[in-house]
Amino acid sequence: MEAWSHSPVKEFEITFFVDTNILSYLIDETYPLLNEFVKYLKESPVINLVSSEYAL
């Protein structure tokens, strides 16, 4: 790959912190659109989802 065609995706990575309340909503599927949004974020190459160590 030529240097000028390098994709700078890593330079533009965005981190979303998902707190325990959001995680509980995802597990219970309380808000279906929230679940769809998180699925969309998960599949994006520039999004990094992070949660608390307590939730793991």
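Counting in the working numbering, the sequence shown runs from 94 upward without gaps.
Note that CB positions come from ideal geometry on N, CA and C, so glycine has one too.
Query                                                                                                     : Result
Classification of Val131 by the beta-carbon crowding that lies within 10 angstroms, buried from 16 upward : buried
Check whether Phe109 and Leu142 have beta carbons under 7 Å apart                                         : yes
Whole-angstrom distance between Glu129 and Thr123, CA atom to CA atom                                     : 12 Å
Three-way DSSP call (helix, strand, coil) for Ser117 in this model                                        : helix
Segment limits, alpha helix (DSSP H) that includes Phe110                                                 : That residue, Phe110, is in no alpha helix (DSSP H); its beta strand (DSSP E) goes Ile107 to Val111.
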